[in-house]
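**Student:**
Protein chains: 2
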Amino acid sequence: MKSKSTSELKATIHKVEEICKSNKLGLTEIRRQVFEIIIKNNKPVKAYEILDKISNINNKPSHPPTVYRAIDFLIENGFVHKLNSINSFVGCFHPKAHKECYFLICKKCNIYQECCDDSLKDRISKTAIHNNFVISNTTLEIEGHCLDCSQK
Amino acid sequence: MKSKSTSELKATIHKVEEICKSNKLGLTEIRRQVFEIIIKNNKPVKAYEILDKISNINNKPSHPPTVYRAIDFLIENGFVHKLNSINSFVGCFHPKAHKECYFLICKKCNIYQECCDDSLKDRISKTAIHNNFVISNTTLEIEGHCLDCSQK
DNA sequence: ATAATTTATGTTATGTTATAACATTACAAT
DNA sequence: ATTGTAATGTTATAACATAACATAAATTAT
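Chains as they are written, first to last, in this note's numbering: chain X, 1 to 152; chain L, 1001 to 1152.
Here it is in structure tokens:
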């Protein structure tokens, strides 16, 4: 899978800033740092990796709650997502555009891909309705191999 | 959501026994105990809950590896599934009938429902193909409220 | 039968992921 | 100035999971 371009990255960071500004969400220094660490990585990042990076950036040890709080903020506002199957976090490249987001995760190169297929969303929705079930959130994580890696 | 009947339960346990017998899989005492704990519960069970129950049953303390090994065996053979979004395990009521299994999990009553909808499976499959992606395993966990709980 | 091999379990320790609880700071509103 | 609120710092620990090595039990080969 290909990783994101610098311009996409910039645009996404900018969009998050805009969303925060217009919704009066405090995008504090730490929250911004954590977001940038996550979004700039094209692979899922673990909380304790973020912790190390934050500690390095600021030249002082940070603690788990600091990181988890920032992550919570970012998830709540749809700027990052958690991949439950691998206890890792990924940035969202179309923040606020959708609540749910599905993922393809390559086991080999570890690069992930967001995939917000409407027909898939519909299908899940129909399945829920068919079971008289009201969805509050959906975890869909597809693990496997991307084109590049399956060709190697 | 309604919980499973005793006869369904018996049938499932019997089926697992048969599968083990015909495939020469060692359904040892511990593995059987862990399986029964998981399948008899109509809610997802946590590993350390199983640990407590096993310790009680056998009147001696068990240790985490014992439980996790049994769980691994049961997952490998498709007798139980892990719900990554809540770090819990659930029994499978149609072992070996399918590799993938999707879940509806009620946040209120905590009862889960397996849902092996073929059209959903197809849709996921198509999404993967469309992204040139080869699936090895899929996590689909839909959290929300079941009919009973959303009416309350 | 018995030695060798494999499969499963016991045991200790530790690694990894996440949160509770309470103190402190920063900044805004009255 | 004082109170309120939102965010962060700090310590400790809870919750989830596995590594590594020892032992035992079952299987197979001789």
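Even glycine gets a Cβ: it sits at the ideal position worked out from N, Cα and C.
Would residue 105 of chain X and residue 142 of chain X qualify as a contact pair, given that the criterion is a beta-carbon distance under 9 Å?
**Tutor:** For residue 105 of chain X and residue 142 of chain X, yes; Cβs fall inside 9 Å.
**Student:** Distance cutoff 9 Å, beta carbons only. Does residue 74 of chain X sit that close to anything in chain L?
**Tutor:** So, not an interface residue.
**Student:** Is residue 1114 of chain L closer than 9 Å to residue 1145 of chain L when the C-beta atoms are compared?
**Tutor:** Result no, Cβ atoms of residue 1145 of chain L and residue 1114 of chain L do not sit closer than 9 Å.
**Student:** Count the C-beta pairs between the stretch 84-103 of chain X and the stretch 122-140 of chain X that are closer than 8 Å, then say yes if the count reaches three, no if not.
**Tutor:** Yes, the stretch 84-103 of chain X touches the stretch 122-140 of chain X.
**Student:** Leaving aside the five residues before and after residue 1083 of chain L along the sequence, list all residues of the same chain whose C-beta is less than 8 Å from its C-beta, in chain order.
**Tutor:** The residues are 1044, 1089, 1090, 1103, 1105, 1112, 1141.
**Student:** State buried or exposed for residue 1150 of chain L, treating a residue as buried only when at least 16 other CB atoms are found within 10 Å of its CB.
**Tutor:** By the 10 Å Cβ count, residue 1150 of chain L comes out exposed.
**Student:** If contact means a Cβ-Cβ distance below 7 Å, which residues of the stretch 73-101 of chain X contact chain L?
**Tutor:** Residues 84, 85.
**Student:** Using three-state DSSP, classify residue 1036 of chain L as helix, strand or coil.
**Tutor:** In this structure, residue 1036 of chain L counts as helix in the three-state DSSP scheme.
**Student:** Would you mind sorting residue 63 of chain X into buried or exposed? The rule is 16 or more other CB atoms within 10 Å of its CB.
**Tutor:** When all chains shown are included, residue 63 of chain X counts as exposed.
**Student:** Is the shortest distance between the beta-carbon of residue 33 of chain X and the beta-carbons of chain L less than 9 Å?
**Tutor:** So, not an interface residue.
**Student:** Under 9 Å between the Cβ atoms of residue 124 of chain X and residue 1120 of chain L?
**Tutor:** Closer than 9 Å, so yes.
**Student:** Residues of chain L with CB closer than 7 Å to the CB of residue 70 of chain X, please, in chain order.
**Tutor:** Chain L residues near residue 70 of chain X: none, gap ~21 Å exceeds 7 Å.
**Student:** Buried or exposed: where does residue 59 of chain X fall if 16 or more other Cβ atoms within 10 Å of its Cβ makes it buried?
**Tutor:** By the 10 Å Cβ count, residue 59 of chain X comes out exposed.
**Student:** Using the C-alpha atoms, what's the distance from residue 80 of chain X back to residue 1127 of chain L?
**Tutor:** Going by the C-alpha atoms only, they are around 22 Å apart.
**Student:** Compute the Euclidean distance between the alpha carbons of residue 1075 of chain L and residue 32 of chain X, then round it to the nearest angstrom.
**Tutor:** About 39 Å.
**Student:** In the DSSP assignment, what residue or residues form a beta bridge with residue 1083 of chain L?
**Tutor:** Bridge partners of residue 1083 of chain L: L:1088.
**Student:** Can you tell me where the beta strand (DSSP E) with residue 1093 of chain L in it begins and where it stops?
**Tutor:** Premise fails: residue 1093 of chain L is in no beta strand (DSSP E) and is neither H nor E.
**Student:** Taking a Cβ distance cut-off of 9 Å, strictly less, list which residues of the stretch 110-124 of chain X are near chain L, in chain order.
**Tutor:** For the stretch 110-124 of chain X, which is checked against every Cβ of chain L, the residues closer than 9 Å are 113, 115, 117, 119, 120, 122, 123, 124.
**Student:** Does the Cβ of residue 53 of chain X have 16 or more other Cβ atoms within 10 Å, making it buried, or fewer, making it exposed?
**Tutor:** Result: buried.
**Student:** Rounded to whole angstroms, what is the Cα-Cα separation between residue 1012 of chain L and residue 1023 of chain L?
**Tutor:** Looking at the two C-alpha atoms, the distance is approximately 16 Å.
**Student:** I want to see whether chain X comes within less than 9 Å of residue 1049 of chain L, judged by CB atoms only; does it?
**Tutor:** By this cut-off, residue 1049 of chain L is not an interface position.
**Student:** Name, going along the chain, the residues of the stretch 130-152 of chain X whose beta-carbon falls closer than 7 Å to a beta-carbon of chain L.
**Tutor:** The residues in question are 131, 132, 133, 134, 135, 136, 137, 138, 139, 140, 141, 142, 143, 144, 145, 146, 147, 150.
**Student:** Once you ignore the five residues that flank residue 1036 of chain L on each side, which residues in its own chain have a CB closer than 8 Å to its CB?
**Tutor:** Excluding positions up to five away in sequence, the list reads 1013.
**Student:** Secondary structure at residue 103 of chain X, three-state DSSP: helix, strand or coil?
**Tutor:** In this structure, residue 103 of chain X counts as strand in the three-state DSSP scheme.
**Student:** Between the alpha carbons of residue 68 of chain X and residue 148 of chain X, how many angstroms are there, rounded?
**Tutor:** So the alpha carbons of these two residues sit roughly 33 Å apart.
**Student:** Assuming residue 1042 of chain L and residue 1004 of chain L are in contact, meaning their beta carbons sit under 8 Å apart, how far apart are those beta carbons, in whole angstroms?
**Tutor:** Residue 1042 of chain L to residue 1004 of chain L, Cβ: 6 Å. Contact.
**Student:** Are residue 1070 of chain L and residue 1039 of chain L close, meaning C-beta to C-beta below 9 Å?
**Tutor:** No, these two residues do not count as a Cβ contact at 9 Å.
**Student:** Residue 1104 of chain L versus chain X: which residues are under 9 Å apart at the beta carbon?
**Tutor:** Chain X residues near residue 1104 of chain L: 127, 128, 131, 133, 135.
**Student:** Residue 1107 of chain L: which of L:1116, L:1002, L:1086 sits nearest, CA to CA?
**Tutor:** Residue 1107 of chain L has its Cα closest to that of L:1086, out of L:1116, L:1002, L:1086.
**Student:** Once you ignore the five residues that flank residue 1034 of chain L on each side, which residues in its own chain have a CB closer than 8 Å to its CB?
**Tutor:** Excluding residues within five positions, the ones whose Cβ falls inside 8 Å are 1050, 1054, 1067, 1070, 1071, 1074.
**Student:** Can the beta-carbon of residue 1025 of chain L be found less than 9 Å from the beta-carbon of residue 1077 of chain L?
**Tutor:** Cβ distance < 9 Å, so residue 1025 of chain L and residue 1077 of chain L count as in contact.
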